[in-house]
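Under this note's numbering, the first residue of the sequence shown carries the number 82, and numbering increases by one thereafter. Backbone N, C-alpha and C fix where the C-beta goes; we use that ideal spot for every residue, glycine too. All values reported here derive from a predicted model rather than from experimental measurement.
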Amino acid sequence: MPQVTFCGKNASVPINGFDGFAEEELSMRVESVSNDNSRFMHYDDLCQLMKAAPMSKKFHTISIEGIDEISPDFLAFLVAAFRKTLILHIGNAAYDAVSCGCIMAGLMMPDGIGSLRLLPPPNDYRISSHAANLLFNGLGSAASLQMLEIDLYFEEHAAIGAPLIKAIQSNCTLTDLTLYLEEFEDATVLPKILRAAVLDTKIERIHLECPWKFLTSDLEILSRQDCTLEDLTLCLLKPSAVAANTSVSGQSTTKNKSVKELTIREAEIRMPQIVEVIGLFTSLTHLSLEYCGISDLSPLDHLLLGDQVILQSLSFECNQVEERDAMEFLTKLPRMKSLVHLELGGNPFLRSESCLAALEDAVSMNTTLQSLPLPPFEKPEGRCEKSFLTTRVPLSLNRLGRQYLLDVPSKSFPENLWPLVLERAMKLKYFSFHDDFYSASMESTRVDVVYWLLREKMLVL
């Protein structure tokens, strides 16, 4: 018997209906547990709940976890769930041919699921080729699916490459694709998956996490004029043993103009190859290089310095940037006029007093940077918190438009704009040191920002 948890503003849902909640308010989590409590329900009760609801009412998300025994009652519930949710997550569950067949049928339904996540099964359970083919047939014919994430283990990885590629090519609705294929050994499959996702599809975001003996020629498909891809994540890239893998930077005339966000994570290729990959994209506004063993940031200068740069967000979290290279980067930070968001946590230089002091000075002189998350766990003890507090005011000023205030001559600045500027300052969200940047703990009157805004403008007068 499964344990059922309802999450949302109206978490108490009567068995006879969905009265009183909106779709965005309610999610359902179904999982197998051994001990009994009041949240246990039979699958037939869940099916009855689905049927009792008006056709227009749906759960925002249904999560199914820990179902290692596929029963007829569960399959009936699974089929019912397809018509009653916008997003379906299945994890730690046995994916046999019958359940994959149900998923296939659900994907083919008109006005069906828009987002599907299939997460790892229990105890190294491996999906048969027959079950995988059913699943991929559903993917190829999905009527409403826009987001797909697959993190599964298959009995024969070599046998699923072709049906997976065919499914991606056949699908007409998918815009967001995430594949965790860590067991793939055939290096030719991954470029083919990328090619299938780019040619004649609507896919805008691709996340590939798989060991890839990488050649820059594998990305040439992205240079097509009809490429719609905007967000690309490449993980676990490995250096190729092929001698032809030489730098083509500056030689290739084919560049990608559609990709705006590029993430390279846990790569085993070195910085020259990383720069080579970056060089294939001419319209990047967001770049993330995480867990790549990077120590020297100077190869990225062409993306950060100059009048024509467009990069707005840079993350080099969890790398190996030491004090010397960090100091060189920080001396250039005031001149990075396009950068709005910077993440640098998890690097050794954050343990240096002199580097943190240089960071504070650099941020105070940069007029565009608006977001700089600093990790509270870095050493020396409490020093990052002090840097957070010190950089908070200039970052807040930048969010209010400090660059414009400084660029405009004092006599030409319209006085009637000051009430609007001050009103924005009064509404500026306050972030505590322990908050995520995107979640304000409270909204408060930022008297300190108002004061410094006036003071800085007065200094320019």
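Might you give, ordered along the chain, the residues of its own chain that have their beta carbon closer than 6 Å to the beta carbon of residue i, omitting 5 neighbours on each side?
| i | result |
| --- | --- |
| residue 394 | 367 and 422 |
| residue 200 | 172 and 232 |
| residue 146 | 112, 172 and 173 |
| residue 169 | 143, 194 and 197 |
| residue 427 | 398 and 399 |
| residue 363 | 336 and 338 |
| residue 244 | 214 and 217 |
| residue 262 | 291 |
Can you give me the C-alpha to C-alpha distance between residue i and residue j, rounded to a whole angstrom?
| i | j | result |
| --- | --- | --- |
| residue 468 | residue 176 | 50 Å |
| residue 379 | residue 300 | 24 Å |
| residue 445 | residue 477 | 11 Å |
| residue 318 | residue 269 | 14 Å |
| residue 167 | residue 153 | 23 Å |
| residue 282 | residue 252 | 8 Å |
| residue 453 | residue 435 | 18 Å |
| residue 235 | residue 410 | 45 Å |
| residue 39 | residue 221 | Past the edges of the chain, shown from 82 to 542, lies residue 39, and the structure says nothing about it. |
| residue 213 | residue 249 | 14 Å |
| residue 424 | residue 396 | 4 Å |
| residue 353 | residue 162 | 49 Å |
| residue 360 | residue 293 | 19 Å |
| residue 432 | residue 338 | 38 Å |
| residue 230 | residue 291 | 14 Å |
| residue 279 | residue 218 | 19 Å |
| residue 156 | residue 128 | 10 Å |
| residue 160 | residue 110 | 16 Å |
| residue 474 | residue 404 | 25 Å |
| residue 443 | residue 415 | 6 Å |
| residue 350 | residue 320 | 5 Å |
| residue 132 | residue 483 | 57 Å |
| residue 138 | residue 158 | 17 Å |
| residue 306 | residue 497 | 46 Å |
| residue 260 | residue 501 | 47 Å |
For the putative contact between residue i and residue j, defined by C-beta atoms under 8 Å, what is the C-beta separation to the nearest angstrom?
| i | j | result |
| --- | --- | --- |
| residue 302 | residue 276 | 5 Å |
| residue 289 | residue 308 | No, residue 289 and residue 308 are not in contact; Cβ-Cβ is about 16 Å, not under 8 Å. |
| residue 429 | residue 402 | 7 Å |
| residue 258 | residue 241 | Residue 258 to residue 241, Cβ: 15 Å. No contact. |
| residue 356 | residue 313 | Rounded, the Cβ-Cβ distance is 16 Å, inconsistent with contact. |
| residue 225 | residue 256 | With a Cβ gap of about 12 Å, residue 225 and residue 256 do not count as contacting. |
| residue 386 | residue 417 | 7 Å |
| residue 449 | residue 419 | 7 Å |
With a threshold of 7 Å on Cβ separation, who are the neighbours of residue i within its own chain once the five nearest residues in sequence on each side are excluded?
| i | result |
| --- | --- |
| residue 216 | 181, 184 and 185 |
| residue 246 | 273, 274 and 277 |
| residue 406 | 376, 377 and 378 |
| residue 207 | 234, 235 and 236 |
| residue 227 | 195, 196, 254, 255, 256 and 257 |
| residue 439 | 408 and 411 |
| residue 125 | 154 |
| residue 192 | 225 |
| residue 179 | 151 and 156 |
| residue 374 | 400 and 401 |
| residue 310 | 279, 284, 285, 287, 303, 339 and 340 |
Please return the same chain residues whose Cβ sits closer than 8 Å to the Cβ of residue i, not counting the five positions on each side in sequence.
| i | result |
| --- | --- |
| residue 382 | 413 |
| residue 189 | 219, 222, 223 and 224 |
| residue 76 | The structure shown does not extend to residue 76, since the chain spans only 82 to 542, so no value can be given for it. |
| residue 210 | 235, 236, 237, 240 and 241 |
| residue 264 | 234, 235 and 238 |
| residue 456 | 426, 427, 431 and 465 |
Can you look up residue i in the DSSP assignment and give me helix, strand or coil?
| i | result |
| --- | --- |
| residue 176 | coil |
| residue 272 | helix |
| residue 79 | Since the first and last residues shown for the chain are 82 and 542, residue 79 lies out of range. |
| residue 424 | strand |
| residue 337 | strand |
| residue 313 | strand |
| residue 500 | helix |
| residue 474 | helix |
| residue 261 | strand |
| residue 222 | coil |
| residue 280 | coil |
| residue 320 | strand |
| residue 301 | helix |
| residue 390 | coil |
| residue 169 | strand |
| residue 483 | helix |
| residue 398 | coil |
| residue 416 | helix |
| residue 350 | coil |
| residue 327 | Legend: pLDDT at residue 327 = 41, less than 50; position of this residue unreliable, no value from coordinates given. |
Just checking: is the beta-carbon of residue i within a distance shorter than 8 Å of some beta-carbon in chain C?
| i | result |
| --- | --- |
| residue 162 | Absent from the structure is chain C; it holds one protein chain and no more. |
When you measure from the CB of residue i to every non-hydrogen atom of the ligand MN, does any distance come out below 7 Å?
| i | result |
| --- | --- |
| residue 108 | Annotation note on the ligand MN: not contained in the displayed structure, which lists no ligands. |
### Sufficient close CB pairs (3 or more, under 8 Å) joining the stretch 363 to 375 to the stretch 343 to 351
With a cut-off of 8 Å on Cβ pairs, the stretch 363 to 375 is in contact with the stretch 343 to 351, counting three or more such pairs.
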